[in-house]
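As they're listed, the protein sequences go chains Y and P.
Following the numbering used here, the numbering of the first sequence begins with 358 at its first residue and continues without gaps.
Following the numbering used here, the numbering of the second sequence begins with 358 at its first residue and continues without gaps.
To start, the structure itself, in structure tokens.
Number of protein chains: 2
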Amino acid sequence: MPEKVLIYSRFPKAQMERFGQRFELLNAAGKPPNEVFSAEQLGGITAMITAGGTPLGGAAMDMLPKLGAIVCYGTGYDGVDLAAAAQRGIAVGNSPGANAASVADIALTLMLATTRRLLSADDYVRSGGWSGLKPSPMMRPQAGMLGRKIGVYGMGEIGRKIAARVAAFETEVGYHSRSRHDVPYQYFTTLDALAEWCSVLMIAVRAGTDTHHAVDAGILQKLGRDGFVVNISRGSVIDQPALVAALTDQSIAGAGLDVYEKEPHAPDALTALPNVVLSPHIGGHTLESHVAMQGCVLANLEAFFAGKPLPYEVKPG
Amino acid sequence: MPEKVLIYSRFPKAQMERFGQRFELLNAAGKPPNEVFSAEQLGGITAMITAGGTPLGGAAMDMLPKLGAIVCYGTGYDGVDLAAAAQRGIAVGNSPGANAASVADIALTLMLATTRRLLSADDYVRSGGWSGLKPSPMMRPQAGMLGRKIGVYGMGEIGRKIAARVAAFETEVGYHSRSRHDVPYQYFTTLDALAEWCSVLMIAVRAGTDTHHAVDAGILQKLGRDGFVVNISRGSVIDQPALVAALTDQSIAGAGLDVYEKEPHAPDALTALPNVVLSPHIGGHTLESHVAMQGCVLANLEAFFAGKPLPYEVKPG
Chain Y
358 MPEKVLIYSR
368 FPKAQMERFG
378 QRFELLNAAG
388 KPPNEVFSAE
398 QLGGITAMIT
408 AGGTPLGGAA
418 MDMLPKLGAI
428 VCYGTGYDGV
438 DLAAAAQRGI
448 AVGNSPGANA
458 ASVADIALTL
468 MLATTRRLLS
478 ADDYVRSGGW
488 SGLKPSPMMR
498 PQAGMLGRKI
508 GVYGMGEIGR
518 KIAARVAAFE
528 TEVGYHSRSR
538 HDVPYQYFTT
548 LDALAEWCSV
558 LMIAVRAGTD
568 THHAVDAGIL
578 QKLGRDGFVV
588 NISRGSVIDQ
598 PALVAALTDQ
608 SIAGAGLDVY
618 EKEPHAPDAL
628 TALPNVVLSP
638 HIGGHTLESH
648 VAMQGCVLAN
658 LEAFFAGKPL
668 PYEVKPG
Chain P
358 MPEKVLIYSR
368 FPKAQMERFG
378 QRFELLNAAG
388 KPPNEVFSAE
398 QLGGITAMIT
408 AGGTPLGGAA
418 MDMLPKLGAI
428 VCYGTGYDGV
438 DLAAAAQRGI
448 AVGNSPGANA
458 ASVADIALTL
468 MLATTRRLLS
478 ADDYVRSGGW
488 SGLKPSPMMR
498 PQAGMLGRKI
508 GVYGMGEIGR
518 KIAARVAAFE
528 TEVGYHSRSR
538 HDVPYQYFTT
548 LDALAEWCSV
558 LMIAVRAGTD
568 THHAVDAGIL
578 QKLGRDGFVV
588 NISRGSVIDQ
598 PALVAALTDQ
608 SIAGAGLDVY
618 EKEPHAPDAL
628 TALPNVVLSP
638 HIGGHTLESH
648 VAMQGCVLAN
658 LEAFFAGKPL
668 PYEVKPG
């Protein structure tokens, strides 16, 4: 008989297909598990799959008294209360790096689309403005990438991949992270200094209490009127109202966002702006990245059920 | 007294500013020069600035009997009848490579935006589809860049810069051009073989009679249903009706276009399509690329008026 696995977050069916072939899945689909399943059903469950951004605290863990493994689909695990899991002897796993290339790609997509004003460009062609020789501010040349100073905030796997891609555009790359890494880019000891130096800030830092609202009004002001911010990490890293204000009064030039403070919700004040490019958290959303993430999830679950340590385990602290 | 220079094509004022500081400009602004200026005025002109894509044949050259130099603003010179110029002893110059980085960047912008369906993504967020949990085909994962086979057609300065950028996305890069180059990418002896191999075709080949409609229905069919085509070169390289047909019946997945057969006109059949990203020939349109192009134009004109060979001269054949 296949082992039982609870699906805690709401996932598209297709993403769970490979797990369903191997395990018996109980799909809570984002609802509190005790509203969907009986205490008896939940009592038999020892492992769950969750999305790293979904809040998962001690109370939810206690609905599954035999829970031994929380396996995050994706790189992030910021929603999981690691201390509560550790207290209960629950191992936490993730899918490190499996989506790094795909997320780095969306960061570059947003960077290029915002700095080259691609949405306005497409609209200008489609609406007939171009063929009608209608003047448009979008036809004014803007700063491109050549020699531009790009700052990468965070130098984990995704940050490194962003930096490598950005460097291929003949830019200058700088970065800030807690510590200096062995990478060929200029290191800045503070985010302030990085923001002062660069004109495009690429946020690739892990979400957490230490990075909550790290990109605030002050940082945005340092980016300046020619400045852009791109976020593919977590919405919580940016003070979203401060960003909306900076974009609205054009104290920065634009933003490219794949993540938001409250997903799947992008505030009206943001969606009304012409100088942003918005995507619905699709950074890791490629076929190859899902295959790789599923591979990590399966490896974690297989190891757990075999009584072995998780191969991709998240250590608290 | 400053030398006189005719401006043959229609250019934005800002782009001619540096020339106006140095020369006396007679601006025909895209009209036949003899409709704008008297024969006497034209008789005193020995040099002109034109856009490479603007048709310029022997008849127009003969309106300026003392014409000695045609200086193209930009890399292209496909509109200039080089044989007619040579016959009349007129030197032709261009701005080689000055916009290569900027054009390569727009190629990558279009490649990423089409393959990651950025316009649909932005629309899905802005229209409230995402926050309303409205199902959307755009949320289905698609092939990303990792390991993808990207074909570059043309290996001049722009082609090389495209290839270097594309390679940073952890792709496989192949190319076709008339001859093999000393580059670390797989060489294909025919465009057919390249199209058969790759899933994204990046057109970076110089326009000319030999490349006119080189990308036709047959090549598009070889790209296949997962295939994309990106064109930043000249519209004439693609059989545009064949492209529209392939996009409409989805025998290819999508296209990113910065250039069109008849500019500034993108046909309705194209602008109505959801699986294209369209930009109004802004490839070379960055501040740093204009500064560099203006530098080449000035260098060509200064040399000409000093009786020296053009430093950036186009040789016929």
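We put the CB at the ideal spot given by N, CA and C, even for glycine.
| Check | Outcome |
| --- | --- |
| Neighbourhood of Y/A623 by C-beta, 7 angstroms cutoff - its chain only, sequence neighbours within 5 removed | Y617 and L635 |
| Under 7 angstroms from the C-beta of Y/Q499: neighbouring residues of chain P | T643 and L644 |
| Coil, strand or helix - Y/A571 by DSSP | coil |
| Classification of Y/T466 by the beta-carbon crowding that lies within 10 angstroms, buried from 16 upward | buried |
| Top-ranked residue by Cα proximity to Y/S590, from Y/K361, Y/A461 and Y/V449 | Y/A461 |
| Cutoff 6 angstroms; reference P/F368; Cβ partners in own chain excluding five residues on either side | none |
| C-beta neighbour in chain P for Y/L655, strict 8 angstroms | no |
| Contact set between P/Y481 and chain Y, taken where Cβ atoms lie within less than 7 angstroms | P637 |
| Counted within 10 angstroms of its Cβ, other Cβ atoms place Y/E392 as buried (16 or more) or exposed | exposed |
| Contacts that Y/S534 makes with chain P (C-beta to C-beta distance below 8 angstroms) | Simply none; closest approach about 21 angstroms. |
| Helix, strand or coil at Y/I595 according to DSSP, with G and I counted as helix | strand |
| 8 angstroms Cβ cutoff met for P/M373 and P/I364 | yes |
| Local conformation of Y/F376 per DSSP, three classes | helix |
| CB contact flag (Y/A500, Y/E670, <8 angstroms) | no |
| Status (buried if at least 16 other CB within 10 Å, exposed otherwise) for P/H569 | exposed |
| Residue environment, Y/E645, which counts as buried when at least 16 other CB atoms sit within 10 Å | buried |
| Residue-chain proximity (P/V634, chain Y), Cβ-Cβ < 8 angstroms | yes |
| Inter-stretch contact at 8 angstroms, needing at least 3 Cβ pairs: the segment 648-660 of chain Y / the segment 372-391 of chain Y | yes |
| Simplified DSSP state of Y/E618, which is helix, strand or coil | coil |
| Where P/P621 meets chain Y, residues with beta-carbon distance less than 9 angstroms | V482, W487, S488, G489 and L490 |
| Start-end ranges of the alpha helix (DSSP H) lying completely within the segment 443-495 of chain Y, minimum 4 residues | 457-472 and 475-483 |
| Neighbour flag for P/L503 against chain Y, beta carbons, 8 angstroms | yes |
| Extent of the continuous alpha helix (DSSP H) to which Y/H647 belongs | L644 to F662 |
| Y/V540 and Y/M512 closer than 8 angstroms at C-beta | yes |
| Helix, strand or coil at Y/V671 according to DSSP, with G and I counted as helix | coil |
| Between the CA atoms of P/N632 and P/G592 - distance to the nearest angstrom | 18 angstroms |
| Chain P residues whose Cβ lies nearer than 7 angstroms to that of Y/E527 | A458 |
| Top-ranked residue by Cα proximity to P/E514, from P/A525, P/T546 and P/A561 | P/A561 |
| Rounded straight-line distance, which links the Cα of P/V437 to that of P/P453 | 15 angstroms |
| Own chain residues within Cβ distance below 6 angstroms of P/S534, not counting five before or after | G511 and M512 |
| Option nearest P/A612 by Cα separation, candidates P/N451, P/R474, P/R375 and P/K579 | P/R474 |
| Proximity below 8 angstroms, CB of P/G531 to CB of P/F545 | yes |
| Residue-level contact to chain Y via CB, P/H538, 8 angstroms cutoff | no |
| CA-to-CA distance, Y/V428 to Y/T403, given in whole angstroms | 11 angstroms |
| Minimum length 4: unbroken alpha helix (DSSP H) runs contained in the segment 396-439 of chain Y | 396-400 and 415-419 |
| Candidates P/G581, P/G446, P/A408 and P/L424, of which the one nearest P/D435 by Cα | P/A408 |
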